[in-house]
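First residue of the sequence shown: 2, per this note's numbering; consecutive thereafter.
We put the CB at the ideal spot given by N, CA and C, even for glycine.
Keep in mind the model is a prediction, meaning the values are calculated, not measured.
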Amino acid sequence: MAIREILTVPDPRLKEVSKPVEGGVTDEIRALMDDMLETMYDAPGIGLAAIQVGVPLRVIVMDLAKEGKEPQPRYFVNPEILPLTEDMAPYEEGCLSVPDIFDEVERPTECRVRYLDYDGFKVDEVATGMYAVCIQHEMDHLEGTLFIDHLSRLKRQRAIDKVKKAKRLHARESA
Ligand code: ZN
Numbered sequence: 002m003a004i005r006e007i008l009t010v011p012d013p014r015l016k017e018v019s020k021p022v023e024g025g026v027t028d029e030i031r032a033l034m035d036d037m038l039e040t041m042y043d044a045p046g047i048g049l050a051a052i053q054v055g056v057p058l059r060v061i062v063m064d065l066a067k068e069g070k071e072p073q074p075r076y077f078v079n080p081e082i083l084p085l086t087e088d089m090a091p092y093e094e095g096c097l098s099v100p101d102i103f104d105e106v107e108r109p110t111e112c113r114v115r116y117l118d119y120d121g122f123k124v125d126e127v128a129t130g131m132y133a134v135c136i137q138h139e140m141d142h143l144e145g146t147l148f149i150d151h152l153s154r155l156k157r158q159r160a161i162d163k164v165k166k167a168k169r170l171h172a173r174e175s176a
């Protein structure tokens, strides 16, 4: 396993639409998911899409276990979601590709999720609560959409400027 570099805005690769994984869940895909999980834990974060480490494939990892609890890694290959309700709720979201920016996004509170798991088995389940928020956020990544794209243009630009500025400062400090 290896920690990979996480792309941050405004990297154009984050706007790419990811392609389906062909040929099922191979060892190669599992190795990618292992790296992604390690990268996510190291960051730390609760969800990561493959495009965030520069791989344009429909692969997501997630762990919603509370801090200090037993890890509960989840792996999604070729996930599909379907909203199950018109009820929307706001939730304060953040993203490893938009570090240190948090803002509220409204999303359906319940959705159906279908995907292949780590072992290539088909899973079909209902997501609510944090799981529903997180899987919808990660699915957006597969379409090249970031949570800040749900905000006003002004807020989005301000977020991108902030990330760019923080990166420049960091580059200067570590130079
Ligand atoms: Zn994200």
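Report the three-state DSSP secondary structure of residue i (helix, strand or coil).
{"i": "K70", "result": "coil"}
{"i": "L117", "result": "strand"}
{"i": "D101", "result": "strand"}
{"i": "P45", "result": "coil"}
{"i": "V148", "result": "The amino acid at residue 148 is misidentified as Val; the sequence shows Phe. Note: F148 maps to helix in three-state DSSP."}
{"i": "A133", "result": "helix"}
{"i": "V18", "result": "coil"}
{"i": "I61", "result": "strand"}
{"i": "M37", "result": "helix"}
Any idea if residue i is buried or exposed, counting beta-carbon neighbours within 10 angstroms, 16 or more meaning buried?
{"i": "S19", "result": "buried"}
{"i": "H171", "result": "exposed"}
{"i": "E126", "result": "exposed"}
{"i": "T40", "result": "buried"}
{"i": "L83", "result": "exposed"}
{"i": "P91", "result": "exposed"}
{"i": "L155", "result": "exposed"}
{"i": "F122", "result": "exposed"}
{"i": "Q137", "result": "buried"}
{"i": "E94", "result": "buried"}
Using a Cβ-Cβ cut-off of 7 Å, state whether residue i counts as contacting chain B.
{"i": "E111", "result": "Of the chains in the structure shown, none is chain B; there is only one protein chain."}
As a quick exercise: from the options, pick the residue whose alpha carbon is nearest that of residue i.
{"i": "L33", "options": "A44, P13, E144, A50", "result": "A50"}
{"i": "A160", "options": "A3, G130, V56, T9", "result": "T9"}
{"i": "V106", "options": "L117, N79, C135, V124", "result": "C135"}
Does the count of Cβ pairs from the stretch 89 to 109 and the stretch 71 to 81 closer than 8 Å reach three? No, because fewer than three Cβ pairs between the stretch 89 to 109 and the stretch 71 to 81 fall closer than 8 Å, the two stretches do not touch.
Counting Cβ pairs closer than 8 Å, one from the stretch 110 to 122 and one from the stretch 145 to 156, do we hit at least three? At 8 Å Cβ cutoff, the stretches do not touch.
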